[in-house]
Amino acid sequence: MVHDIDTVLDAPIGDHPDPGEFIRAAMRWHFDPRTGSPFWLARARTLDFDPLTDVKGVDDLALFPNVCDELRDVRAEDLVPRGYGDRPDICGIYESGGTTGRPKRVVLLRDWFDKSQAWLGATLDAHGVPRGANWLMMFPTGPHMGGYAYARLARDRGSHAFSIDMDPRWVKQLIAAGRTEDARAYAGHLLEQARHVLRGQDVGVLAITPPVLERLAVDEELTALVRDKVGAIVWAGAHMDAATRDLLGGEVFPGIPIVGFFGSTMMLHSCGQRGTEDPGACVFDPPAPFITFRVVDEDGKPVEYGTRGRVVVNHVSRSFLLPNNLDRDEATRVPGPPGQVGDSLADVTPVQVFDGEAVIEGVY
0 MVHDIDTVLD APIGDHPDPG EFIRAAMRWH FDPRTGSPFW LARARTLDFD PLTDVKGVDD
60 LALFPNVCDE LRDVRAEDLV PRGYGDRPDI CGIYESGGTT GRPKRVVLLR DWFDKSQAWL
120 GATLDAHGVP RGANWLMMFP TGPHMGGYAY ARLARDRGSH AFSIDMDPRW VKQLIAAGRT
180 EDARAYAGHL LEQARHVLRG QDVGVLAITP PVLERLAVDE ELTALVRDKV GAIVWAGAHM
240 DAATRDLLGG EVFPGIPIVG FFGSTMMLHS CGQRGTEDPG ACVFDPPAPF ITFRVVDEDG
300 KPVEYGTRGR VVVNHVSRSF LLPNNLDRDE ATRVPGPPGQ VGDSLADVTP VQVFDGEAVI
360 EGVY
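In structure tokens form, the structure reads like this:
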């Protein structure tokens with residue numbers, strides 16, 4: 000059971016708690032032997048600063064080393080803060096897509112998941128995504144958090160989710176091995192599964208990765224089925240450039256809202272795109288101070304607004320701490336909405352090489 004201290008950590012995302020107060024409370028929680036996780040309590044002994052006294056706000060999170068690679072091997076149980084007691088409410092243990100090497104793992108606790116889902120639901124409402132409509136979910140399931148989260152969104156919005164089998168790691172292996180024909184055949188296999196659902200079921204929301212959506216858009220029957228049945232398209236899991244967004248929204252699926260989300264397993268969240276008043280931009284605002292972004296140059300210094308750089312992500316919540324994570328993506332730095340701490344991101348794309356490995360998006 001969660002200890003009743005520092006209740007600012009339990010604030011809903013929409014309450015926008017004071018960033019300094021929030022970060023200091025998080026440090027007290029994660030680095031107190033009674034409440035912190037075994038992972039962070041052990042890692043604290045290796046730091047050259049004291050999180051309890053030196054980390055006073057979001058900017059100070061840059062003091063932390065990037066420990067993301069350690070999540071490939073750490074025991075999942077060691078990531079759960081002790082303050083949750085002997086029987087923490089765990090939604091699942093989820094893995095990254097393996098784009099940059101062996102998968103990393105995180106533990107998703109119920110309190111953060113419910114908070115994140117409420118925020119995503121509000122974003123969908125703001126973009127006109129219908130409630131009470133069944134979803135066709137073309138995302139990876141299994142160890143991947145996206146499949147779990149989006150199926151729950153459909154249920155919470157008064158409907159059901161149909162899903163397909165998708166193994167993103169297999170198609171990435173095919174591409175890396177130069178087996179392009181096999182990769183195309185796998186993508187075709189995904190579309191055939193969707194075809195069976197769309198032909199016979201009532202589907203009002205299509206949740207899909209951009210590479211699969213692009214392939215769907217050149218299939219005449221599938222395009223007609225989506226135009227006839229679907230009231231909104233939600234994309235996530237990979238990038239989509241402005242030209243593709245314009246083509247899909249303006250010519251292929253006119254009149255159907257197409258809403259983008261940027262997230263990752265390590266972020267434990269997806270950030271919905273800002274309102275579409277500027278059709279040329281695709282801007283993502285984080286739910287600060289729980290999640291904050293920095294856009295930096297090769298030396299780790301902030302770039303100017305309007306300039307592209309690498310994305311650094313901080314996740315700070317009661318259930319999880321992953322600060323100063325250099326993401327595999329780059330983006331244009333843009334100002335956040337009034338009152339938001341940290342940066343917002345525009346036109347996110349993956350880097351070509353990450354930690355010495357070629358980045359292959361594949362279908363996810």
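At position 125 of the sequence shown the residue is numbered 124 (numbering that gives the first Met the number 0), and the sequence of numbers has no breaks.
Beta carbons are placed, not taken as given, at the ideal position from N, Cα and C, and that holds for glycine.
Note to self: Determine, for aspartate 328, whether the minimum Cβ-Cβ distance to residues of chain B falls below 8 Å.
What the structure shows: In summary, chain B is missing from the structure at hand, where a single protein chain is found.
Next item on the list: Provide the residue(s) that pair with aspartate 85 in DSSP beta bridges, ordered along the chain.
Entry: Aspartate 85 pairs with nothing; no bridge assigned.
Next item on the list: Can you tell me which of Thr264, Gly308 and Val310 puts its alpha carbon nearest to the alpha carbon of phenylalanine 319?
Entry: Thr264
Next item on the list: Please determine, among Leu60, Gly35, Pro37 and His29, the residue with the shortest C-alpha to C-alpha distance to proline 18.
Entry: Leu60
Note to self: Counting C-beta neighbours from all protein chains within 10 Å, is the total for glycine 249 16 or more, i.e. buried, or is it exposed?
What the structure shows: exposed
Item checked: Ranges of the beta strand (DSSP E) found wholly within the stretch 139-211, counting only runs of at least 3 -> 160-162 and 204-207
Check: Any heavy atom of the ligand FAD closer than 7 Å to the Cβ of glycine 91?
Finding: In the structure on display, the ligand FAD does not appear, and there are no ligands present to speak of.
Next item on the list: Count the C-beta pairs between the stretch 156-171 and the stretch 257-274 that are closer than 8 Å, then say yes if the count reaches three, no if not.
Entry: no
Checklist line | Contacting residues, own chain, Cβ-Cβ under 6 Å from leucine 62 (five flanking each side not counted) | finding: So the list reads Phe48, once near-sequence residues are dropped.
Next item on the list: Count the CB pairs spanning the stretch 287-299 and the stretch 12-32 that are closer than 8 Å, and state whether there are at least three.
Entry: yes
Margin query: DSSP three-state label for valine 7, please.
Written below: helix
Check: Taking the continuous alpha helix (DSSP H) assigned at alanine 231, which residues delimit it?
Finding: Segment 231-234 is the beta strand (DSSP E) holding alanine 231; no alpha helix (DSSP H) there.
Note to self: Can you tell me whether glutamate 180 is buried or exposed? The criterion is at least 16 other CB atoms within 10 Å of its CB, across all chains shown.
What the structure shows: The residue in question, glutamate 180, is exposed, as its Cβ has fewer than 16 Cβ neighbours within 10 Å.
Item checked: serine 343 (DSSP reduced to helix, strand or coil) -> strand
Margin query: Rounded to the nearest angstrom, what separates alanine 121 and arginine 130 at their Cα positions?
Written below: 11 Å
Checklist line | Proximal residues to glutamate 329 (C-beta, below 7 Å), its chain only, five neighbours per side dropped | finding: Arg307, Gly308, Arg309, Val310, Thr348 and Val350
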